[in-house]
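Before any comments, here is the structure.
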Amino acid sequence: MAKIEAVYGVLEPNMSFVDLHIHGIDDDGRLDIPRMVYTAVDRGLSGIGVTLHNNYPFGVRAYDFVERNNVLAKSGKPFKAFPGSEVPARRKDGTDAHVLVYEADVGPYQTIAATLEEAERKDGFTIIPHPDGDVEGAMSMDEILETGIPANIEVYNASTHHMFLLKRLNLLRKLRGEKLVDKNKIALQNYRDNQHRLGAATGGTDAHKFKLGLGMTGFKGDNLREALTQKRTVAVRRREFEIWYPRDLRIHDRKIEAMNEQNDLRYNGGLVEFPLTGTVFEEVG
Ligand SMILES: [Zn+2]
Ligand SMILES: [Zn+2]
Numbered sequence: 001m002a003k004i005e006a007v008y009g010v011l012e013p014n015m016s017f018v019d020l021h022i023h024g025i026d027d028d029g030r031l032d033i034p035r036m037v038y039t040a041v042d043r044g045l046s047g048i049g050v051t052l053h054n055n056y057p058f059g060v061r062a063y064d065f066v067e068r069n070n071v072l073a074k075s076g077k078p079f080k081a082f083p084g085s086e087v088p089a090r091r092k093d094g095t096d097a098h099v100l101v102y103e104a105d106v107g108p109y110q111t112i113a114a115t116l117e118e119a120e121r122k123d124g125f126t127i128i129p130h131p132d133g134d135v136e137g138a139m140s141m142d143e144i145l146e147t148g149i150p151a152n153i154e155v156y157n158a159s160t161h162h163m164f165l166l167k168r169l170n171l172l173r174k175l176r177g178e179k180l181v182d183k184n185k186i187a188l189q190n191y192r193d194n195q196h197r198l199g200a201a202t203g204g205t206d207a208h209k210f211k212l213g214l215g216m217t218g219f220k221g222d223n224l225r226e227a228l229t230q231k232r233t234v235a236v237r238r239r240e241f242e243i244w245y246p247r248d249l250r251i252h253d254r255k256i257e258a259m260n261e262q263n264d265l266r267y268n269g270g271l272v273e274f275p276l277t278g279t280v281f282e283e284v285g
């Protein structure tokens, strides 16, 4: 495996590595299911979390694909796909807050707490992606703590890291004297400071192109859920980069546009009553 390093926790021999934040061809990502699965196998991963925006069925299809084809990891053990979705919760001000939900189909546009609770009720598990990030859908640590739920935290998000590197290369920003902050570092520090009120630390790629495993979650044994519950995970970074060409950005923008149009139709076009559930904007507790 390429050079990897622990961002949080300690690497040990014989660990399993999974990438729990991957987008795909049906949202603003580029990977179809076979390519997603076999790229992950090639790169030595034991499993993936398939997390398209508000799209659980795609994750289920990936899971079915892996089971049907008896896909094995390089270790010879069965490769695992965790069906999931990056669920948009909604704040009172109308903005979205993303929650990664696995092994449970959870509805969009509920409060953050209600989203986490529905996942728990349906026996799923959750991770808060890109905390304190400057991407759409990022939550602040205060918001996360406010839920009172000991949430798992993605302390390393490779996309956030790569955006930071790209911005650093931008001469114009330098000339303007713009001060750049590494949001992953802030996330990690906030996690360390509030660890007793939070769950496990994880890493993910937030893959929108073709590379996987740039951010990973490491753990001993075969039981990811147990490792998360026991807070025995390691957040891992792979020292590798994926270049975004102008064409990739154009494709990405187009896909986001199409996705938003679809959502408007689905949730605002009179087909489905909005908001979707009674828990939206209500204080739960
Ligand atoms: Zn997100
Ligand atoms: Zn994402």
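Per my numbering, the very first residue in the sequence shown carries number 1; after that it's consecutive. Cβ atoms here follow ideal geometry from the backbone N, Cα and C, with glycine treated the same way.
DSSP places Y56 in the helix class (H, G or I) of the three-state scheme. By the 16-neighbour rule on beta-carbons within 10 angstroms, A200 is buried. Beta bridge pairing from DSSP links I127 with L100. For H196, no alpha helix (DSSP H) encloses it, and the DSSP letter there is neither H nor E. Ordered by chain, the residues meeting the criterion of a beta-carbon within less than 5 Å of a non-hydrogen atom of ligand 2 are E86, D206.
DSSP places P246 inside the alpha helix (DSSP H), whose first and last residues are 246–263. Secondary structure remark: continuous beta strand (DSSP E) runs of at least 3 residues inside the segment 124–166, in chain order: 125–127, 153–157. Not one heavy atom of ligand 1 falls within 8 Å of the beta-carbon of V155. Relative to ligand 1, G24 has its C-beta separated by 8 Å or more from all heavy atoms. Separation of the CB atoms of V50 and A81 is rounded to 6 Å, and the pair is thereby assigned contact status at 8 Å. For Y109 and V37, the gap between their C-alpha atoms comes out near 29 Å.
Under the three-state reduction of DSSP output, T233 falls in the coil class, being neither helix nor strand. If you draw a 10 Å sphere on the C-beta of S16, you find 16 or more other C-beta atoms in it, and that means buried.
Counted as a single uninterrupted DSSP element, the stretch harbouring I22 is not any alpha helix (DSSP H) but the beta strand (DSSP E) occupying residues 15–22. Classified as buried, H162 has 16 or more neighbouring CB atoms from the shown chains inside 10 Å of its CB. Proximity of the beta carbon of A158 to ligand 1 is not indicated: no heavy atom of the ligand is located closer than 8 Å. The closest heavy atom of ligand 1 lies less than 8 Å from the beta carbon of E136. Ranked by Cα distance from I25, the first of P57, V18, R43 is P57. With contacts defined as CB atoms closer than 9 Å, V155 and A89 fail to qualify as a contacting pair. Contact annotation, D19 with H53: C-beta distance approximately 17 Å; criterion of less than 8 Å not satisfied.
In this structure, H130 has its beta carbon less than 8 Å from a heavy atom of ligand 1. The closest CA to that of A119, considering only Y102, G133, P131, is found on Y102. With contacts defined as CB atoms closer than 9 Å, S140 and D132 qualify as a contacting pair.
Put simply, of N170, T160, A114 the residue whose alpha carbon is nearest the alpha carbon of H21 is T160.
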